[in-house]
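The numbers in our numbering rise by one with no breaks, and the one at position 30 of the sequence shown is 41.
Yeah, the Cβ is synthetic: ideal placement off N, Cα and C, and Gly gets one too.
Report on the following structure.
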Amino acid sequence: MRSKQVWMDGRVVPTEQATVPFLNTGLHYGLAVFEGIRAYRTTCGPAVFRLREHVERLMGSARVLAMPPIRWSEADIVEAVRETVAANGFDECYVRPLIYVSEGAWNLDVGNGKAGVGIAVWEWGPYLGAEAREKGVRANVSSFARHHPNVMMTKAKIAGNYANSALAKTESVRLGFDEAIMLDPSGFVAECTGENLFLVRDAAIVTTPTATILEGITRDSIITLARDLGHEVREEPVSRDQLYLADEAFVCGTAAEVVALREIDGRTIGSGRTGSVTRDLQQAFHAAARGESPRYEKWLTFVGDDPAKRPALATPFPSGERV
Ligand SMILES: Cc1ncc(COP(=O)(O)O)c(C=O)c1O
C-alpha cells in the first residue's frame, strides 16, 4: 500500500507522521466515519469520481453518528482531497477521508468529544483480485446477517459498522469464497461486505431496495448507466433463491468496481462467466470514470483543474487500456 502524503486537519504531512494518539475513542469504540473514493487517470490528468457525492455522504455519516462539530465544510474537504491526490502524484488511487473522535467521548456521549479529519490516498489495484474483473468471483450467503436498521445505521459509513463486514468476509474467505452476501434481518438479500448487489433475470436488472443497505454511489452510477443503455432497472426485494436463478449477478462498489458473481453457494450463475449485461456495464462504468464518456463528465472532479484550459474530454485511451 503506497501512500506518500496525508492531509491531517489542514496540513499535508509525510504518511509516517500521520499518526493519532492511542487514547482516542475513534479507535477504541469505532467512533469514526469514512469514505472510499477512487481517482482515475484521464487524458486531462487524474480525476476523482463522484467526489461531491462522496463528501456529501461523509458529512451525512457524521450527522447520523451525531459527531461533534467539524471545522471543515464540504467544499473544504473537496479541495483537500484534490490537494492530497496532487501531493502524492498518483495517476490513479484510492482516497480515504476519515472523520474521527479525536478527544473525549469516553462516556460514549459522542457530542462531548472533538472531531479530527484526515485524508489518505494510496495506490490500490482490483479489490477482489487481479482476475475478478475478467472471470468474476465466488460468493456465499453469510451466516452473519446485515445490520438491523435500528441497531446500526446502515446509511452511514461508520467505522464500527465494519466489524460486521469483517466477520462475514473473514468467514467467507476461510470457507474458500471470495466475498460474502449478507441477508437483512428479515431474510432478504441486502448487500455484500463492501459492495451492493445486482441480478439480471429475463433481461431486466434488479437490485435490492435501499432500506437496509448502504446507498452506494457506484450503485447509483450503475442504475443511471443501465437506464441510459436502455435496460429496465427495478429496485425490489430479492430472496436467496432468486440469486441462484439469476442469469447474471454482479457486485459494485468503489473499491471492487464492477465484478460478476460467477458462483453463489456452490451454484453456477448463468454461464459461470462474466455475462454480457455485466460486461457492458463494466465497460460503461470504466469509460465514465476515466473520462471517456463526455455525457458523464459531470461525475469527475479534475485534480489539476482549470476548466477553462482543459481540452475536451472526448479522446479515448488506445483500445485495450480501457478495462
Ligand atoms: C457495505 C457497503 N455497501 C456498499 C458499498 C458500495 O458503496 P460505494 O459504491 O459508494 O463505494 C460499500 C462501499 O463503500 C460498502 O461498504
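Tell me the residue span of the beta strand (DSSP E) that contains residue i.
i              : result
serine 113     : 104 to 114
tyrosine 138   : Tyrosine 138 -> no beta strand (DSSP E), and no H or E assigned at all.
methionine 193 : 190 to 194
leucine 208    : 207 to 212
alanine 283    : The sequence shown places glycine at residue 283, rather than the alanine named in the question. Here glycine 283 belongs to no beta strand (DSSP E), and DSSP marks it neither H nor E.
alanine 215    : 215 to 218
serine 56      : Sequence check: residue 56 is glycine here, not serine. That run of the beta strand (DSSP E) goes 56 to 60.
valine 249     : Careful: valine 249 lies outside any beta strand (DSSP E) and carries neither H nor E.
List the whole-angstrom C-beta distance separating residue i from residue j, where the pair is believed to meet the contact cut-off of C-beta under 8 Å.
i              : j                 : result
glutamate 94   : histidine 65      : Between histidine 65 and glutamate 94 the Cβ distance is about 16 Å, and since that is not below 8 Å, they are no contact.
glutamate 247  : valine 288        : Their Cβ separation, rounded to whole angstroms, is 17 Å, which puts glutamate 247 and valine 288 out of contact at 8 Å.
tryptophan 133 : serine 14         : 4 Å
isoleucine 233 : phenylalanine 209 : 7 Å
valine 89      : threonine 312     : 7 Å
proline 137    : alanine 222       : The pair is not a contact, with the Cβ atoms about 30 Å apart (cut-off 8 Å).
Where does the unbroken alpha helix (DSSP H) through residue i begin, and where does it stop?
i              : result
isoleucine 233 : 228 to 239
glutamate 85   : 85 to 99
arginine 339   : In this structure the chain extends from 12 to 334, so residue 339 is not present and cannot be described.
glutamate 182  : 173 to 185
leucine 292    : 287 to 300
In the DSSP assignment, what are the bridge partners of residue i?
i             : result
valine 23     : Trp18
leucine 272   : Val148
valine 132    : Val106
proline 43    : For the sequence presented, residue 43 should be read as alanine rather than proline. Answer is Tyr111, bridged to alanine 43.
glutamate 202 : Met193
alanine 260   : Leu210
arginine 306  : In the DSSP output, where bridge partners are listed per residue, arginine 306 has none listed.
leucine 311   : Phe60
glycine 127   : Tyr111
Sequence-ordered residues whose beta carbon comes within less than 5 Å of a heavy atom of ligand 1: Close to ligand 1, as judged by a C-beta nearer than 5 Å to any of its heavy atoms, are the residues Gly47, Glu202, Gly205, Asn207, Leu225, Gly227, Ile228, Thr229, Gly264, Thr265, in chain order.
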